[in-house]
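What follows is a set of notes on a single structure, which appears directly below.
Numbering (this note's numbering), first residue to last: 36 to 394.
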């Protein structure tokens, strides 16, 4: 009798375990379903254009720019959205777009790898991408044909931000959100599209959002702001970004939140990586933000250039006669800080527009 009772108990426990596992799986399914229930279908159009942009002063580059601008337009969507993105190639070379960080579950043909997941988009042709915006996070899009040239020195990159269904505690605090896309450029190939991106290239210009200091813009904040910096390394160079006067939290790497955010004042970022930094604006002043790789703060080998900008607090007047940016014309949305506050969509930025390249 004891043996039968023991067997019955074992069977009952096993049955309950299976039932609990089933209920847990069902819970996860409906959680995912509810998160995508309010997703929307969004359709965008991108063109790839031969465009001349100015990095600083008279240093120009022939780029293959998305919608004629570098960086490309901000694409800002929410978790689970169904995206349709029509891409037309108006240049004389083939291209694709890789949606860097998007998992493409069930849509591997949309991953943008030429002659592996899709044919190249030939000059004059159009290709339409269809995929779900999953997972949430800070991502980017870039060409995947001849990446060493097209991405590293022709400006074929732009930000792709996927908002989560529910913000976490850090995200709820954010009052200002800035996008900084870091890049390096070898001027030897500036006017030679279709060439470059080879071992031995020497990058001698370095940019934030396609501009070198002093053509960058200040980051304007006020005391009490809780800031999110989304940092991208878009070329084949390692950067070491330092913010003076503050300690920040490294909250995300490559779009994913870290289980234990790290306090730092400098972050090392390798090619293709993204880091989301969270910082209290608690120290009014004017504070330098710069790359700590020394050569990255030069323009053509000349110091005081490259990846440099300044955090300007509203509380601090800009009347000092010696302040280099005292009379600087402020261009809002240089860091997409205004666009990212708007309803979801694709955002063109006139500040990043170049001129059509001579044919």
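Built from N, CA and C at the ideal position, the CB exists for glycine as well. In this text the structure is predicted, and so the values were computed from the model without any measurement.
Sorted by chain position, which residues of the same chain lie with C-beta nearer than 6 Å to residue 68's C-beta, five sequence neighbours on each side aside?
Low confidence applies here, because residue 68 scores a pLDDT of 45, under 50, leaving its location unreliable and the question unanswered by this model.
Using CA atoms only, rank isn't needed, just tell me which of 314, 158, 320, 343 is closest to residue 125.
158
Just tell me which of 101, 75, 77, 79 has its CA closest to the CA of residue 387.
Closest in C-alpha terms to residue 387, from the list 101, 75, 77, 79, comes 101.
Between the stretch 259-277 and the stretch 216-235, are three or more C-beta pairs nearer than 8 Å?
yes
If you follow the alpha helix (DSSP H) that residue 400 is in, where does it begin and where does it stop?
The requested residue 400 is not part of the displayed model; the chain covers only 36 to 394.
For residue 401, which residues in the same chain have their Cβ closer than 6 Å to its Cβ, ignoring the five residues on either side in sequence?
There is simply no residue 401 to check, as the chain begins at 36 and stops at 394 in what is shown.
Taking all protein chains shown into account, do 16 or more other C-beta atoms lie within 10 angstroms of the C-beta of residue 111, making it buried, or fewer, making it exposed?
buried
Would you kindly check if the distance between the Cβ of residue 262 and the Cβ of residue 344 is under 8 Å?
no
If you follow the beta strand (DSSP E) that residue 5 is part of, which residue opens it and which one closes it?
With the chain covering 36 to 394 only, the question about residue 5 has no answer from this structure.
When burial is assigned at 16 or more other CB atoms within 10 Å of the CB, is residue 393 buried or exposed?
exposed
Decide if residue 332 is buried, meaning its Cβ has at least 16 other Cβ atoms within 10 Å, or exposed.
buried
In terms of alpha-carbon separation, which member of 184, 201, 206, 250 lies closest to residue 222?
184
Which class does residue 360 belong to by DSSP, given the choice of helix, strand or coil?
Residue state, collapsed to three classes: coil.
In angstroms with no decimal places, state the Cα-to-Cα distance between residue 143 and residue 257.
44 Å
Taking all protein chains shown into account, decide if residue 230 is buried (16 or more other Cβ within 10 angstroms of its Cβ) or exposed.
Residue 230 should be labelled exposed.
Kindly identify the DSSP beta-bridge partner or partners of residue 341.
248
Rounded to the nearest angstrom, how far is the Cβ of residue 192 from that of residue 106, given a contact under 8 Å?
Right, their Cβ atoms sit about 6 Å apart.
Among the residues of its own chain, which have a CB less than 7 Å from the CB of residue 329, if the five just before and after it don't count?
Contacts found: none.
Consult DSSP for residue 205 and reduce its assignment to one of helix, strand or coil.
Assignment of residue 205 by DSSP, reduced to helix, strand and coil, places it in the helix class.
Taking Cβ to Cβ, would you say residue 172 is nearer than 8 Å to residue 147?
no
Mind reading off the beta-carbon distance from residue 166 to residue 145? Whole number of angstroms is fine, and I expect it under 8 Å.
Contact holds; Cβ gap of about 4 Å.
With a threshold of 6 Å on Cβ separation, who are the neighbours of residue 322 within its own chain once the five nearest residues in sequence on each side are excluded?
279, 280, 346.
Assuming residue 210 contacts residue 161 (C-beta within less than 8 Å), just tell me the rounded distance between them.
Incorrect: roughly 40 Å between the Cβ atoms, too far for contact.
Taking residue 131 as the reference, give the member of 115, 116, 138, 176 with the closest Cα.
Among 115, 116, 138, 176, the Cα nearest to that of residue 131 is on 176.
Got a sec, what are the start and stop residues for the alpha helix (DSSP H) residue 352 sits in?
Annotation for residue 352: no alpha helix (DSSP H) segment contains it, and DSSP assigns it neither H nor E.
Taking the CB atoms as reference points, tell me whether residue 313 and residue 292 lie closer together than 8 Å.
no
Select from 253, 127, 108, 247 the residue whose C-alpha is nearest the C-alpha of residue 366.
253
What whole-angstrom Cβ distance do residue 301 and residue 327 have, given they're in contact under 8 Å?
The Cβ separation is near 6 Å, so the contact holds.
If we count the other Cβ atoms within 10 Å of its Cβ and call it buried at 16 or more, is residue 247 buried or exposed?
buried
Got a sec, what are the start and stop residues for the alpha helix (DSSP H) residue 102 sits in?
No alpha helix (DSSP H) contains residue 102, which DSSP labels as neither H nor E.
Could you check what DSSP says for residue 165 in three-state terms: helix, strand or coil?
strand
Can you tell me whether residue 324 is buried or exposed, with buried defined as 16 or more other CB within 10 angstroms of its CB?
buried
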